[in-house]
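A quick write-up on the structure given underneath.
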Amino acid sequence: MIKIAVIGIAGESVFLSVDKFAKIGETAVATDYHAELGGKGFNQAVAAARCGARVSFLCAAHKEDVDKFKKIALSVGVKPFFVGKEECSPYAVIITDKSGDNSVTVYHGAELSAADVECFYDEIKSADILLINNEVPHAVNERAVEIAKKFGVKIILNPAPYRETKKDFLNKIDLFTPNEHETKGLEEYDNVIITQGKDGAFIKSLGELVPAVKIKKAIDTTGAGDTFSGVLAFYIASGKDLKEACEKASVAAAIKVGKRYILDAIPTIEQIENYNV
Ligand code: ATP
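Right, dumping it as C-alpha cells:
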C-alpha cells in the first residue's frame with residue numbers, strides 16, 4: 000500500500016459568500032456560511048487518502064481541539080498526529096464573490112516545533128513520499144527533510160505560501176509544486192511543476208504544459224492546488240511518470256473546482272479514474 004506522510008496545519012476554515020467584496024471601510028453581508036476542517040496540509044492529506052494511500056498527518060492544535068480534530072481526520076481516512084498546544088488552533092476565513100474569486104486570511108495560531116517532528120519519525124521513515132508545505136515553521140520542514148533523506152524517502156514541497164528559502168534546503172527536495180506566484184528562488188531548478196490555474200500545469204523538466212481539464216463552470220478554486228499536490232504525490236508514489244501523475248492530478252483538481260468548498264469536493268480515486276476528459 001502506498002504510504003504518504005504529510006505535515007501542515009489544520010483548523011477551522013470558515014467560508015463566506017458575498018455578492019461583492021467589501022472595500023476598505025465597508026461592510027459586506029454574507030449570503031452563505033459554511034465551516035469545515037482545513038489547511039493546506041490537511042487538504043493534501045485528504046486528497047492522497049481519497050486515492051487510497053495510507054496517509055499520516057502531523058500538525059499542531061489547541062489542546063482542547065485535539066480530540067475533535069482527530070475524529071474528523073479519522074473520518075476522512077487520515078491517520079492523525081495532532082500535537083496539543085496552549086495557543087488557539089489555526090483559523091481561516093475564505094470569502095468568495097459571485098464570480099468565484101476569493102480572498103483568504105489565515106491565522107496560524109498553534110504551531111509545530113522541530114522537536115514535535117520526533118513523534119512522526121517512524122511515519123516519515125516508512126513513507127513512500129513526504130509531502131510538506133510552507134504553512135509550518137521552516138525548522139519543522141528542515142527536521143522532517145533530514146529524516147526523509149536519512150531513509151531515502153522522496154520529498155515533495157508545495158512552496159505555499161511563498162517564503163525565502165536557502166538553497167541547501169531546496170537542494171534536498173525531489174519535486175516542487177508552486178503556483179505561478181511561488182516560483183521565486185526556484186529559477187535554477189528543473190524538478191518543478193508550476194500550476195497555472197485554468198491554464199493547467201507546466202512540467203519544467205519536460206518543457207510540457209499539461210492543460211487543465213475543461214469543466215462547465217468553475218464553482219470554487221480554493222483547494223485546487225492542494226488537491227493537485229496530494230493526488231500528484233499518490234500517483235508518483237504508485238510509480239506513474241511525471242506526465243501521467245500530472246494528468247491525474249489535473250483531473251482531480253478540476254473535479255474539485257467544479258464543486259463548492261474543499262473537503263467534500265476532493266474526489267476519490269474512482270471519480271478520478273472514471274472521469275471522461
Ligand atoms: P489554491 O491555493 O487555491 O489551492 P493554487 O493557486 O495553488 O490554488 P492553481 O494553480 O490555481 O493552484 O490550480 C491548481 C490546478 O488546479 C491547476 O494546475 C489545474 O490543473 C487545476 N485548476 C485550477 N483552476 C481550474 C479551472 N478553472 N478549471 C480546471 N482546472 C483548474
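Residues in the sequence shown are numbered from 0 upward in steps of one, following numbering that gives the first Met the number 0. Glycine is no exception: its CB is placed at the ideal position from the N, C-alpha and C atoms. Note that the coordinates shown come from a computational prediction; the quantities given were computed from them, not determined experimentally.
Beta-carbon separation of residue 8 and residue 58 under 7 Å?
yes
If you follow the alpha helix (DSSP H) that residue 234 is part of, which residue opens it and which one closes it?
223-236
Is the closest heavy atom of ligand 3 to the C-beta of residue 247 under 6 Å?
With respect to ligand 3, the structure shown offers nothing to examine, as its ligands consist of ligand 1.
Let me know the secondary structure DSSP gives residue 51 once reduced to three states.
coil
Can you tell me whether residue 176 sits near ligand 1, meaning its C-beta is under 6 Å from at least one heavy atom of the ligand?
no
Three-pair Cβ contact test at 8 Å for the region 126-140 versus the region 249-258:
no
Go ahead and pull the three-state DSSP assignment for residue 59.
strand
Neighbourhood of residue 30 by C-beta, 7 Å cutoff - its chain only, sequence neighbours within 5 removed
16, 17, 18
Residue 179: which of 109, 170, 187, 191 sits nearest, CA to CA?
191
What are the start and end residues of the beta strand (DSSP E) that includes residue 156?
153-157
Short Cβ contact (7 Å threshold) for residue 127 with residue 2:
yes
Quick one: what does DSSP say residue 46 is sitting in, helix, strand or coil?
helix
Hey, would you say the C-beta of residue 164 is under 6 Å away from at least one heavy atom of ligand 1?
no
Proximity below 7 Å, CB of residue 154 to CB of residue 139
no
Given that a residue counts as buried once 16 or more other Cβ atoms are within 10 Å of its Cβ, and exposed if not, what is residue 150?
exposed
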